[in-house]
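Residue numbers (this note's numbering): 619 to 1129.
We put the CB at the ideal spot given by N, CA and C, even for glycine.
Computed from a predicted structure; not experimentally measured.
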């Protein structure tokens, strides 16, 4: 096996000479040492390649483009010379040149960071916001920025500073544009689609409201591009109004093609289905306002009845708790009397009481575990595998709702979810009046702030649904949005993202 070549005395002298010549050309101090007798030229070339990669990661190729390009070329020449068997002195010269040129590039890049600090900050914020998606526009601004760094390289600092403000303004404009696309892109698309379907004439009020909301948020972003606290809420409202416009436009098109009687029958059908769903009296022989009042009144009565049942259950639970305390008090009193009658000493009596208490505690814990297991089985029977996963976590019962669905980007609970939520309410009732946490989770699609807001809104929507049905007092229900922080599967696949979009209902069964 042929050994790799090592540096000779002549080679080291050649390297020193090359370094001296290059330092003289650059007018910079370069602290390089000649390689030792055992230095491997291949390892030096590889080390130089690593330095160039690190410098690229620090954007030296952007801040000192010409010097970095020279260093890169010298590195390529050294690598190719080594691979083609050129004289070692030539390879050494290329390595020395690349090292000195890279050091010069790093010095210039430090000067560029100081001279063009505002432009660098604006560029970073624009890239972070996604401005690179505007390929042509971004390339134009990036070219202008590179012209500034090249001016710094040529020591034309006054020229670089003079052109900085224009570049900063251009990057800021791209940043704001990218932020608007991120937050308002879907709302803008829906409004434009509605316009194409004639929304201006068909539903002028809904169109004006959606457009006004969009314009207001657009202006807010222009004035406050970094306000990440208010922006998600405002953007969500704009999206809601745009979605509302889309619905109005679609439904108005249906009505436009219907005869007056068909419209009346359509409305009557909607009210009739609502009434039948809650067993309200049939009032199709009354006007629509009366039918609506009939439905609302029936709903109020149902909720009042549920409230009464809930109060009765709470009362019964309190009575049972009181009876339990009374029973335990009587048992303790009897145990003390038995100890006295048996003539036990005070120490024996206390030991007996401790043992008895420990036994009761163990029996009570076992009994609680049995009851919990029975209730767990009862709750598990409520759901099939497609609807929810039900499992115990310590003293908590977790309902992982697999079948619950929301419209894309919305927190509206659709009627299709009512049967599943009804089972959730039955599960909660199984444990009386427990504390419940409703957790919202999303996949990683979209920004962190939007996902956090959406998950919180969806969890709160489920909470409000349960509160409205008077299953629990409002203070016993908590809604928490985790966004995409707690994935169950990889967000890299469609299936994984579907699993991660979920609602978890955590029931605290501990007394």
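Where the beta strand (DSSP E) through residue i begins and ends
i            : result
residue 1122 : 1120–1126
residue 1096 : 1095–1099
Which residues DSSP lists as bridging residue i, in chain order
i            : result
residue 725  : Looking at the DSSP assignment, residue 725 forms no beta bridge with any residue, so it has no partner.
residue 1008 : 1017
residue 1059 : 1120
residue 1112 : The partner list for residue 1112 (beta bridge, DSSP) is empty, contrary to what the question assumes.
residue 1054 : 1095, 1125
Neighbour-count burial assignment, residue i, 16 or more Cβ in a 10 Å radius
i            : result
residue 880  : exposed
residue 865  : exposed
residue 803  : exposed
residue 643  : Unreliable positioning characterises residue 643 in this predicted model, as indicated by a pLDDT of 41, which lies under 50. The coordinate reading is nonetheless provided below. The residue in question, residue 643, is exposed, as its Cβ has fewer than 16 Cβ neighbours within 10 Å.
residue 1065 : buried
residue 1088 : buried
residue 833  : exposed
residue 941  : exposed
residue 1040 : exposed
residue 896  : exposed
residue 1111 : exposed
residue 1036 : exposed
residue 685  : buried
residue 661  : exposed
residue 887  : exposed
residue 640  : Summary for residue 640: the model assigns pLDDT 42, below 50, so the residue's position carries little reliability, and this model does not support an answer.
residue 908  : exposed
residue 905  : exposed
residue 645  : Any reading at residue 645 must be qualified, since the residue scores a pLDDT of 39, below 50, and its modelled position is unreliable; the value itself is stated next. Result: exposed.
residue 873  : exposed
residue 786  : buried
residue 756  : buried
residue 1026 : exposed
residue 649  : Only weak support is given to the placement of residue 649: the predicted model assigns it a pLDDT of 41, under 50, and the question is left unresolved by the model.
residue 1009 : exposed
residue 788  : buried
residue 1113 : exposed
residue 914  : exposed
residue 1093 : exposed
residue 1081 : buried
residue 882  : exposed
residue 1095 : buried
residue 721  : buried
residue 822  : exposed
residue 844  : exposed
residue 801  : buried
Host alpha helix (DSSP H) of residue i (start-end)
i            : result
residue 745  : 735–747
residue 1069 : 1066–1086
residue 683  : 683–702
residue 1046 : 1036–1048
residue 763  : 753–771
residue 853  : 849–874
residue 705  : No alpha helix (DSSP H) holds residue 705; DSSP gives it neither H nor E.
residue 669  : 659–675
*Where in the region 779–844 do unbroken runs of the alpha helix (DSSP H), each at least 4 residues long, occur, reported from the N-terminal end onward?*
If you keep only unbroken alpha helix (DSSP H) runs of at least 4 residues inside the region 779–844, you get 782–814, 817–820, 822–841.
*Give a yes or no on contact between the region 918–928 and the region 939–949, applying the rule of three or more CB pairs nearer than 8 Å.*
The region 918–928 vs the region 939–949: no contact.
*Write down every uninterrupted run of the alpha helix (DSSP H) in the region 914–941 whose length is 4 residues or greater and which is fully enclosed by it, in chain order.*
Segments of the alpha helix (DSSP H) lying fully in the region 914–941: there are none.
*Let me know the alpha helix (DSSP H) ranges lying completely inside the region 880–916, each 4 residues or longer, listed in chain order.*
Uninterrupted alpha helix (DSSP H) stretches at least 4 residues long and entirely within the region 880–916 do not occur.
*Are the region 786–803 and the region 745–760 touching by the rule of at least three beta carbon pairs closer than 8 Å?*
These segments touch.
*Do the region 1019–1033 and the region 807–815 make contact, defined as three or more Cβ pairs closer than 8 Å?*
Fewer than three Cβ pairs drawn from the region 1019–1033 and the region 807–815 lie within less than 8 Å of each other, which leaves the two stretches out of contact.
*Three or more C-beta pairs below 8 Å linking the region 1023–1030 and the region 1095–1114*: Touching, no, given that fewer than three Cβ pairs across the two stretches are closer than 8 Å.
*May I ask you to verify whether the region 709–718 touches the region 680–699, counting CB pairs closer than 8 Å and requiring at least 3?*
Segments in contact, yes.
*Touch check for the region 1011–1023 and the region 1117–1125: three-plus C-beta pairs under 8 Å?*
Judged by Cβ distances under 8 Å, the region 1011–1023 makes contact with the region 1117–1125, as three or more pairs qualify.
_Runs of alpha helix (DSSP H) lying entirely within the region 963–1008, each at least 4 residues, in chain order_ = Taking only runs of at least 4 residues, the alpha helix (DSSP H) segments lying wholly in the region 963–1008 are 964–1000.
_Quick check: the region 758–769 against the region 777–785, are at least 3 beta-carbon pairs closer than 8 Å?_
Yes, they touch.
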